Structure formats: C-alpha cells, structure tokens
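In what follows, a structure is listed as structure tokens, so that the remarks can point back to it.
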C-alpha cells in the first residue's frame with residue numbers, strides 16, 4: 004500500500020473541507036471575524052490547509068489516547084486554529100495536570116533549597 | 223567501605239551546613255505585600271467558591287468545575303470529563319482547559335505570569351486556576367488547583383486542591399510549584415467582565431476566541447466591555463460592530479465600525495465590514511468608495527476574499543443604480 008491510511012483520510016477530509024469552505028463564505032456575507040484582526044500576522048494562505056491537517060492529526064491522537072469516539076468531534080469543534088495547532092504539535096508531552104501526589108517530595112525539597120539559596124529566583128518578574 | 227561511607231556522610235553534612243549558611247544571607251520576604259496593588263485587601267477568602275474533590279487523575283475537571291461555578295456556570299466535574307480529560311495522559315491539557323469554558327458561555331483568560339496578577343484577580347473576587355509541578359523537568363508531576371484567597375500578614379495562599387477543600391500554602395512553596403509548572407494561571411469571565419489585571423491585547427484575543435462559538439448578544443457584551451475599558455483599541459469596536467451586525471442591527475454595526483476606522487484608518491477589517499454593512503443598508507456607492515483605494519491582492523486570507531467579495535457586490539449594486547445613496551449613507555463615512 005503506497006498511501007498510508009492517514010494520508011488517504013487526510014486527503015478525503017481536505018477535499019470535503021475545501022468544498023465546504025466555498026459554501027460557508029457564500030452563505031455568510033463578507034464580514035471578517037474579529038479573530039482575523041487580533042493577530043493579523045497569523046493569517047496566511049497556508050493556514051486553512053494546515054488547520055485541516057491539524058484537525059485530522061488531533062482526531063487520530065484523541066482516538067489513540069482513549070477519548071470516547073462519541074465526543075472526539077465535539078472536542079475538536081471547541082478548538083480554534085491556534086489551539087488545534089498546539090495540540091497537533093505536542094499532545095504527547097504537553098503538561099497534563101493529574102494527581103497531586105508528592106512521590107517526588109524529596110526532589111521538591113531540593114528545588115526549595117535551590118530557591119532559598121538564590122540559585123533559582125522564582126520571585127523574579129518575567 | 224565504611225570509610226568511604228563516612229566520607230560521603232561528612233561531605234553531605236558539609237553541603238547541608240553551607241546551604242543553611244547561604245540561605246541565612248538570602249532570606250527574604252514577606253512576598254505577598256510588595257505584590258499587592260495599592261488599596262488591595264490584606265486578607266481575601268473566596269469561601270463561596272464551590273468545592274469538588276477530585277477523582278483519580280481528574281483534578282482538571284474538578285478545578286475547572288470550581289472556577290466555572292464561581293462564575294455562576296453550574297457544571298459538575300463528571301460533565302467536564304468528556305471535554306477535558308485525556309485518559310492516556312492521566313490528566314488534562316492546558317489548551318483544552320482554556321477552550322472548555324467557551325462551551326458554557328464563558329471567556330477564559332490566561333494571566334500574565336506574575337504573582338501580582340493572581341493577587342489582583344483574587345482581590346477582585348475571582349478565584350484563579352493554576353498549574354503546579356511537584357516534580358522536576360525530567361520527571362514532572364503536574365496538578366491543577368484553585369487559589370481562593372491569600373493572607374498578606376501571614377504570607378499564605380489559600381487553595382482548593384485535590385481532595386482538600388482548604389489548604390494553606392506558604393508563598394515560597396506555592397511559587398516553586400507554580401514556577402516549575404510554567405507560571406500558568408487562568409480565570410473564567412462572564413461576558414461583560416474584564417480581568418482585573420488585563421492587558422487589552424490579551425483580552426481582545428480571548429474575546430475573539432469567544433466570538434467564534436458565542437451567540438451574538440454574549441459576544442456583544444464581551445466586546446462592549448473592551449470598548450468601555452479601552453476605547454482607544456479599534457479591535458474592540460470592530461468586535462462589537464460584528465456582534466451588532468449578526469443581530470441585524472445594521473446602523474449600530476456601522477457606527478461601531480466607523481468608530482474603529484476613526485481610530486485607525488488602516489484597519490482593513492473595520493473598512494471591509496463597514497462597506498459590507500453599508501451595502502446591506504442600501505448604500506452601494508458609499509461602500510464602493512470605502513474600498514476604492516484598497517489593494518485586495520496584497521491582503522492575506524480571509525481578508526482578501528472578504529474585500530473581493532464586498533467590492534464585487536458593491537460594484538454590481540452601484541451599477542444597477544437602483545436608488546442614489548441617501549443622506550444616512552454619508553453619515554458613516556469619514557470625510
């Protein structure tokens with residue numbers, strides 16, 4: 004098989020999405036969303052295509068990571084382009100807040116001492 | 223062997239002694255008072271913040287339910303699990319924690335990464351969701367908690383965290399965990415509220431994210447708050463104008479877009495949206511005039527498509543020459 008399943012499904016999704024894009028802009032008069040104005044540098048012609056790829060990527064990762072298939076689309080729909088891109092880029096290693104276990108308490112004490120001794124300065128403004 | 227162990231013990235003792243001596247020279251504090259704004263309260267305890275004890279790995283949904291509840295969006299952690307919990311990671315990601323409030327008609331706003339912004343929000347009566355890291359960069363242990371108060375005199379933060387409804391934290395301990403968690407903190411806002419510590423650019427980004435899925439009256443409230451607080455920011459006016467447009471209030475929309483253009487004549491989003499609104503109001507000549515000098519080819523998507531589309535329609539309507547623009551049309555176009 005020369006085309007991977009992922010690639011095939013991306014192409015299928017993209018073609019549907021490109022088709023839909025035309026429909027959406029015709030239906031919704033030519034008013035520009037405010038999000039295109041807050042950071043205009045972000046808008047590039049590549050973005051629309053990139054967003055479609057990010058979406059396919061995030062969808063696949065959600066499914067791999069055990070998200071219930073019934074809510075995957077719902078979760079993707081909550082995200083804007085920027086957020087989709089961040090997830091697509093780093094879902095495996097981005098911080099994931101879970102439990103407040105102090106199993107590494109000793110390590111934490113070392114960090115506290117480093118702070119106390121001025122090796123790291125947590126009170127510095129950034 | 224024994225001698226070697228004794229050697230290590232001696233070295234450890236020396237290290238400990240020097241650490242203690244060193245720390246004696248750099249003991250500082252208190253930390254909260256210098257970060258409080260003038261006139262801020264010395265003691266804040268937002269005890270009305272709801273509390274949900276977390277289930278295993280699910281501090282994300284629990285913490286989010288608490289800050290949403292404090293902004294009167296009533297939701298249980300269980301209802302949030304499908305939205306923000308990632309089973310394979312045994313936790314919740316910041317991106318989704320920030321996206322979820324929009325589902326409940328709330329804005330989320332990430333605070334500037336300094337203690338004074340946390341204190342300012344608490345002082346304004348708003349609990350703060352924070353990410354802590356109790357591990358090391360190589361071996362992180364991330365955890366979400368909700369800060370519900372502080373005591374400046376005793377230099378303590380007050381938290382809802384894990385299974386504890388209230389726990390007092392020394393500022394230093396809190397700050398080490400927060401610093402190692404990337405100094406991430408967010409608040410949840412009702413449409414119409416702005417954060418105490420807000421920076422206009424960050425707030426407008428948050429409002430623009432909110433606009434995408436919000437109903438137009440809620441979006442209007444979010445941008446109206448920006449217009450009231452930062453009237454010199456054109457994007458606030460554009461956002462409010464678009465919310466008016468989507469409710470069919472064309473004259474109000476045109477007024478807001480025109481206000482944005484008066485502040486920044488080069489704001490092409492405002493220019494295009496005003497032209498489209500005038501077109502809808504039956505003023506194709508005024509619409510065409512607004513876009514006359516704009517070079518659509520030099521613009522990026524989606525502005526380029528919007529301007530091209532508006533111009534085409536304006537040209538067609540003007541040439542059909544239905545009726546001349548009336549006096550109302552001219553009143554929105556700067557002379």
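Chains as they are written, first to last, in my numbering: chain A, 4 to 129; chain B, 223 to 557. Idealized CB from N, CA, C, for every residue including glycine. Predicted, not measured: the structure shown is a model, and the values here were computed from it.
Would you call the CB atoms of residue i and residue j closer than 7 Å?
i: residue 391 of chain B; j: residue 352 of chain B; result: no
i: residue 432 of chain B; j: residue 324 of chain B; result: yes
i: residue 457 of chain B; j: residue 41 of chain A; result: yes
i: residue 398 of chain B; j: residue 119 of chain A; result: no
i: residue 91 of chain A; j: residue 71 of chain A; result: no
i: residue 315 of chain B; j: residue 97 of chain A; result: yes
i: residue 306 of chain B; j: residue 319 of chain B; result: yes
i: residue 58 of chain A; j: residue 87 of chain A; result: yes
i: residue 39 of chain A; j: residue 438 of chain B; result: no
i: residue 326 of chain B; j: residue 285 of chain B; result: no
i: residue 529 of chain B; j: residue 538 of chain B; result: no
i: residue 266 of chain B; j: residue 425 of chain B; result: no
i: residue 413 of chain B; j: residue 443 of chain B; result: yes
i: residue 82 of chain A; j: residue 436 of chain B; result: no
i: residue 381 of chain B; j: residue 367 of chain B; result: yes
i: residue 37 of chain A; j: residue 430 of chain B; result: yes
Please return the same chain residues whose Cβ sits closer than 7 Å to the Cβ of residue i, not counting the five positions on each side in sequence.
i: residue 64 of chain A; result: 94
i: residue 540 of chain B; result: 506, 507 and 510
i: residue 453 of chain B; result: none
i: residue 451 of chain B; result: 416
i: residue 355 of chain B; result: 362, 363, 364, 399, 402 and 403
i: residue 5 of chain A; result: In this prediction, residue 5 of chain A has a pLDDT of 47, which is less than 50 and means its spatial position is unreliable; what the coordinates show is noted afterwards. Correct list: empty, nothing qualifies.
i: residue 526 of chain B; result: 518
i: residue 535 of chain B; result: 501
i: residue 30 of chain A; result: In this prediction, residue 30 of chain A has a pLDDT of 39, which is less than 50 and means its spatial position is unreliable; what the coordinates show is noted afterwards. There are no such residues.
i: residue 246 of chain B; result: Caution applies to residue 246 of chain B, whose pLDDT of 46 falls short of 50 and renders its modelled position unreliable; the model cannot decide the point.
i: residue 346 of chain B; result: 418
i: residue 449 of chain B; result: 458, 459 and 462
Using a cut-off of 9 Å between C-beta atoms, extract the partners of residue i located in chain B.
i: residue 70 of chain A; result: 304, 307, 308, 309 and 310
i: residue 86 of chain A; result: 317, 318, 320, 321 and 431
i: residue 115 of chain A; result: 394, 395 and 398
Would you mind telling me which residues of chain A sit closer than 9 Å to residue i, beta carbon to beta carbon, in chain order?
i: residue 397 of chain B; result: 118, 125 and 126
i: residue 433 of chain B; result: 36, 37 and 38
i: residue 409 of chain B; result: The premise fails here: residue 409 of chain B is roughly 16 Å from chain A at the closest Cβ pair, so nothing lies under 9 Å.
For residue i, which option in the options has the closest C-alpha, if you only look at C-alpha atoms?
i: residue 328 of chain B; options: B/271, B/518 and B/441; result: B/441
i: residue 258 of chain B; options: B/307, B/480, B/504 and B/340; result: B/340
i: residue 262 of chain B; options: B/479, B/374 and B/485; result: B/374
i: residue 310 of chain B; options: A/89, A/100 and A/84; result: A/100
i: residue 383 of chain B; options: B/512, B/532, B/494 and B/280; result: B/280
i: residue 514 of chain B; options: B/522, B/527 and B/497; result: B/497
i: residue 531 of chain B; options: B/554, B/495, B/430 and B/274; result: B/495
i: residue 304 of chain B; options: A/123, A/74 and A/102; result: A/74
i: residue 276 of chain B; options: B/298, B/549 and B/487; result: B/298
i: residue 102 of chain A; options: B/357, B/270, B/348 and B/317; result: B/357
i: residue 331 of chain B; options: B/420, B/269 and B/376; result: B/420
i: residue 477 of chain B; options: B/270, B/418, B/346 and B/553; result: B/553
i: residue 484 of chain B; options: B/504, B/555, B/548 and B/260; result: B/555
i: residue 549 of chain B; options: B/504, B/521 and B/536; result: B/504
i: residue 67 of chain A; options: B/300, B/282, B/308 and B/270; result: B/308
i: residue 76 of chain A; options: A/69, A/84, A/62 and A/89; result: A/62
i: residue 408 of chain B; options: B/393, B/317 and B/253; result: B/317
i: residue 312 of chain B; options: A/78, A/56, A/69 and A/85; result: A/69
At 7 Å on the CB atoms, spell out the chain A contacts of residue i, in chain order.
i: residue 279 of chain B; result: 101 and 102
i: residue 364 of chain B; result: 98, 99, 100 and 101
i: residue 464 of chain B; result: 34 and 37
i: residue 401 of chain B; result: 125
Spatial neighbours of residue i within its chain, please: C-beta separation below 6 Å, excluding the five flanking residues on both sides.
i: residue 491 of chain B; result: 460
i: residue 256 of chain B; result: none
i: residue 475 of chain B; result: 463, 466, 467 and 499
i: residue 272 of chain B; result: 288 and 291
i: residue 482 of chain B; result: 456, 459, 460, 489 and 492
Given that residue i touches chain A, what residues does it touch there, using C-beta distances under 8 Å?
i: residue 314 of chain B; result: 99, 100 and 101
i: residue 404 of chain B; result: 98
i: residue 414 of chain B; result: Those do not exist, as residue 414 of chain B stays about 16 Å from chain A at its closest Cβ, beyond 8 Å.
Spatial neighbours of residue i within its chain, please: CB distance less than 8 Å, with the 5 preceding and 5 following residues excluded, ordered by chain position.
i: residue 405 of chain B; result: 335 and 336
i: residue 344 of chain B; result: 266, 268, 350, 369, 370, 371 and 372
i: residue 521 of chain B; result: 490 and 529
i: residue 551 of chain B; result: 500, 503, 504, 505, 507 and 508
Check the Cβ of residue i against every Cβ in chain B and list those closer than 8 Å, keeping chain order.
i: residue 56 of chain A; result: By Cβ distance, chain B contributes nothing, its closest Cβ being about 16 Å from residue 56 of chain A, past 8 Å.
Check the Cβ of residue i against every Cβ in chain B and list those closer than 7 Å, keeping chain order.
i: residue 62 of chain A; result: Chain B residues near residue 62 of chain A: none, gap ~14 Å exceeds 7 Å.
Is residue i near the ligand HEM, judged by its Cβ being under 6 Å from some heavy atom?
i: residue 519 of chain B; result: The ligand HEM is not part of the structure shown, which contains no ligands of any sort.
key: Contacting positions in the stretch 323–342 of chain B - beta carbon closer than 7 Å to chain A   = Result list: 324, 325, 335 and 336.
message = Any C-beta of chain A within less than 7 Å: which residues of the stretch 441–461 of chain B qualify?
response = Those residues of the stretch 441–461 of chain B placed with their C-beta closer than 7 Å to a C-beta in chain A are 457, 460 and 461, ordered along the chain.
ask   = For the stretch 362–390 of chain B, which residues have a CB atom closer than 8 Å to at least one CB atom of chain A, in sequence order?
value = Cβ contacts with chain A: 362, 363, 364, 365, 366, 367, 383 and 384.
query = Given a limit of 8 Å on CB to CB distance, which residues of the stretch 507–522 of chain B reach chain A?
reply = Listed by position along the chain: 522.
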